[in-house]
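*Asks:* In this note's numbering, the protein residues as written are 232 to 502. Ideal Cβ placement from N, Cα and C applies to all residues, glycine included.
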């Protein structure tokens, strides 16, 4: 399997992801892919060759090995990494579809764009991104459950009893380096659990951000509606329309001044 090709392909998803998505992608490559390629494959490279049982009966060792290891840890983790990383390609494919659609729209409408930013998580792309998170978390949970059910817990016993045919009786079988293999298995399990936690955090982040945006838009609409329904009118003339009385005026001039002021007030006041 060409893991470098998968890494280069998924690196394009990084620019369309949130902060939680970038952390998830880094954890997958650093704590899972690199550990799987560099260390895990070497640790489990001798699991079939160095699996021994205290019998010389032909076929007994092979049958007991198949019973204790129904599927190899290496192959199970390889399938897990493939299934977990593939949903991220859904987002990348949706963005590429938007970019192609926008390119055709620009050619038909002479420069005007259909999408201001094809990678913006709005509309259908938001649902695609959320669905990819659900798939990633679901695949990780499913494989952790499969690993738990197949191996009866996340443990590798140093001694295993086997009494299957063609074994003549109950024989003792031994796994090579069980402690080291158990440590790597627990490390991969914890890494998967952390990736599940990051996916759940990103889902809550996306949903919370969407709800906050909807509430903000609703609040703005209510505020504008309230302002339209309660538009203020001038109940009294402004103070600038009132002219101060000159104390030097006589009585007759003062009465004329009051009549003029009353007329101006009556003309400018709106009820």
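For the stretch 354-397, which segments carrying the alpha helix (DSSP H) assignment without a break, of at least 4 residues, lie completely within its bounds, in sequence order?
*Replies:* Taking only runs of at least 4 residues, the alpha helix (DSSP H) segments lying wholly in the stretch 354-397 are 355-381.
*Asks:* Under 8 Å between the Cβ atoms of residue 422 and residue 321?
*Replies:* Contact: no.
*Asks:* Assuming residue 312 contacts residue 263 (C-beta within less than 8 Å), just tell me the rounded distance between them.
*Replies:* With a Cβ gap of about 6 Å, residue 312 and residue 263 count as contacting.
*Asks:* Roughly how many angstroms separate the alpha carbons of residue 383 and residue 427, rounded to a whole number?
*Replies:* One C-alpha to the other measures close to 22 Å.
*Asks:* Rounded to whole angstroms, what's the CA-CA distance from residue 389 to residue 373? Just pull it up for me.
*Replies:* In a straight line, the C-alpha of residue 389 is about 27 Å away from that of residue 373.
*Asks:* Can you tell me whether DSSP reads residue 328 as helix, strand or coil?
*Replies:* Three-state result, residue 328: helix.
*Asks:* By a C-beta neighbour count over all protein chains shown, 10 Å radius and 16 as the cutoff for buried, is residue 326 buried or exposed?
*Replies:* The residue is buried, with at least 16 neighbouring Cβ atoms inside 10 Å.
*Asks:* State the Cα-Cα distance for the pair residue 413 and residue 269, rounded to the nearest angstrom.
*Replies:* Near 17 Å, if we compare the C-alpha coordinates of residue 269 and residue 413.
*Asks:* With DSSP run on the structure shown, which of helix, strand or coil describes residue 501?
*Replies:* With a pLDDT of 42 at residue 501, under the threshold of 50, the modelled position of that residue is not reliable, and no figure is offered here.
*Asks:* In terms of residues, what are the limits of the alpha helix (DSSP H) holding residue 268?
*Replies:* Segment: none, residue 268 is in no alpha helix (DSSP H) and carries neither H nor E.
*Asks:* Could you tell me which of 254, 299 and 368 sits nearest to residue 392, measuring between CA atoms?
*Replies:* It is 299 whose Cα lies nearest to the Cα of residue 392.
*Asks:* Could you tell me which residues DSSP puts in a beta bridge with residue 403?
*Replies:* Note: residue 403 sits in a beta bridge opposite 392.
*Asks:* If contact is defined by three or more beta carbon pairs under 8 Å, each pair taking one atom from either stretch, is the stretch 433-446 in contact with the stretch 246-258?
*Replies:* Counting Cβ pairs under 8 Å, three or more are found: they touch.
*Asks:* Identify the residues that DSSP records as bridge partners of residue 294: which are they?
*Replies:* BP columns for residue 294 are empty, so no partner.
*Asks:* Using alpha carbons as the reference points, say which of 411, 403 and 359 lies closest to residue 294.
*Replies:* Checked all of 411, 403 and 359; the closest Cα to residue 294 is 403.
*Asks:* Drop a sphere of 10 angstroms on the beta-carbon of residue 319, count the other beta-carbons inside from all chains shown, and report buried for 16 or more, exposed for fewer.
*Replies:* Its Cβ being crowded by 16 or more others within 10 Å, residue 319 is buried.
*Asks:* For residue 395, which of 260, 288, 447 and 267 has the nearest alpha-carbon?
*Replies:* The shortest C-alpha separation from residue 395 is found at 288.
*Asks:* Using 8 Å as the threshold, is the stretch 343-353 in touch with the stretch 326-335, meaning 3 or more CB pairs across them?
*Replies:* Flag = yes, the stretch 343-353 and the stretch 326-335 touch.
*Asks:* What residue range does the alpha helix (DSSP H) around residue 413 cover?
*Replies:* Residue 413 -> alpha helix (DSSP H) spans 409-460.
*Asks:* So, under 8 Å CB-CB, residue 364 and residue 430 are touching, yes? Tell me the CB distance rounded to an integer number of Å.
*Replies:* Correct: roughly 5 Å between the Cβ atoms.
*Asks:* Let's test the definition: count the other Cβ atoms within 10 Å of the Cβ of residue 360 and tell me whether it reaches 16, buried, or not, exposed.
*Replies:* Residue 360 is buried by the Cβ-count criterion.
*Asks:* How close, in whole Å, do the beta carbons of residue 371 and residue 315 come, if the pair is a contact with beta carbons under 8 Å?
*Replies:* Yes, residue 371 and residue 315 are in contact; Cβ-Cβ is about 6 Å, under 8 Å.
*Asks:* Quick check: what's the CA-CA separation for residue 460 versus residue 447?
*Replies:* One C-alpha to the other measures close to 20 Å.
*Asks:* Less than 8 Å separating the beta-carbons of residue 302 and residue 381?
*Replies:* Yes. Within cutoff.
*Asks:* Below 8 Å between beta carbons: does that hold for residue 415 and residue 271?
*Replies:* Yes. Within cutoff.
*Asks:* Suppose you measure from the CA of residue 275 to the CA of residue 408; what does that come to, to the nearest Å?
*Replies:* Taking the straight line joining both Cα atoms gives about 9 Å.
*Asks:* Report yes if the CB atom of residue 457 is closer than 8 Å to the CB atom of residue 266, and no otherwise.
*Replies:* No, they are not a contact pair.
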